[in-house]
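*Asks:*
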Amino acid sequence: ARGGQGADLMHSQNDLLFAGEYPEPRFGQGAFLVCLHALYEARFGEPLSRVQTFGKPTAVQYRFVERCLGSPRRYMVGDNPAADIRGARRAGAGWTSVLVRTGVFRGGDNDPQDPADQVVAGVEEAVSWILDKEGQT
7 ARGGQGADLM
17 HSQNDLLFAG
27 EYPEPRFGQG
37 AFLVCLHALY
47 EARFGEPLSR
57 VQTFGKPTAV
67 QYRFVERCLG
77 SPRRYMVGDN
87 PAADIRGARR
97 AGAGWTSVLV
107 RTGVFRGGDN
117 DPQDPADQVV
127 AGVEEAVSWI
137 LDKEGQT
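If you're matching positions, the sequence shown starts at 7 in our numbering and goes up one per residue.
1. Can you pull the DSSP bridge partners for T102?
2. Quick check on M16: buried or exposed, where buried means 16 or more other Cβ atoms within 10 Å of its Cβ?
3. So is F33 buried or exposed if we call it buried at 16+ other beta carbons inside 10 Å?
4. Run the CB neighbour count on D138, radius 10 Å, all protein chains shown included, and call it buried at 16 or more, exposed below.
5. What whole-angstrom Cβ distance do P29 and V110 have, given they're in contact under 8 Å?
6. Can you look up R107 in the DSSP assignment and give me helix, strand or coil?
7. When you compare the region 41 to 52 with the region 68 to 82, are there three or more beta-carbon pairs, one atom per stretch, that lie closer than 8 Å?
8. Using DSSP's beta-bridge definition, name the partner residues of L22.
9. Using the C-alpha atoms, what's the distance from S55 back to R96?
10. Take E52 as the anchor and find which of A89, G10, R92 has the nearest alpha-carbon.
11. Can you tell me whether DSSP reads L54 as helix, strand or coil?
12. Comparing alpha-carbon positions, which option in G12, N20, D14, A13 lies nearest A88?
13. Starting from V124, follow its DSSP beta bridges and name the residues at the other end.
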């Protein structure tokens, strides 16, 4: 078997799980990437070496938003602690994470591995919380 990765792999998103209309979270594109890595290494005896991911929790989206908004304060509202909240926390100063219980996360007080700055029931409550925090109510 001839190895040697011929081209860079561009991957759009790392979410292992995602939530949609189905009542339970399902495997996302991140699960596909895990499988692809395993299959490539099993076939060629070497890991995929040139993989570029564009998607949460990587920094590229957060830096883009920072450039577009120009505001010192930004909010990430999301339902996936491993993608949305982790990304906001990694993005650093100026980012506040708000976790909603309407998708992947349906747990209790907060996610133990990727805790958010605030946890709310849904997007409407998240917007109200942000407006209160910004003195816009």
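Using N, Cα and C, we set each Cβ at its ideal position, and we do this for glycine too. These numbers come from a predicted model, not from an experiment.
*Replies:* In short:
1. According to DSSP, residue pairing for T102 in a beta bridge involves Y81.
2. The residue in question, M16, is exposed, as its Cβ has fewer than 16 Cβ neighbours within 10 Å.
3. With fewer than 16 other Cβ atoms within 10 Å, it is exposed.
4. Classification for D138: exposed.
5. Contact flag wrong, Cβ pair sits at about 12 Å.
6. Of the three classes helix, strand and coil, the one that applies to R107 here is coil, per DSSP.
7. By the criterion of at least three beta-carbon pairs nearer than 8 Å, the region 41 to 52 is not in contact with the region 68 to 82.
8. DSSP, once it has assigned bridges, lists no residue as partnering L22.
9. Near 23 Å, if we compare the C-alpha coordinates of S55 and R96.
10. Residue G10 is the option with its Cα nearest to E52.
11. Residue state, collapsed to three classes: coil.
12. Ranked by how close their Cα comes to the Cα of A88, the residues G12, N20, D14, A13 have N20 in first place.
13. According to the sequence shown, residue 124 is Gln rather than Val. Here Q124 is bridged, per DSSP, to V104.
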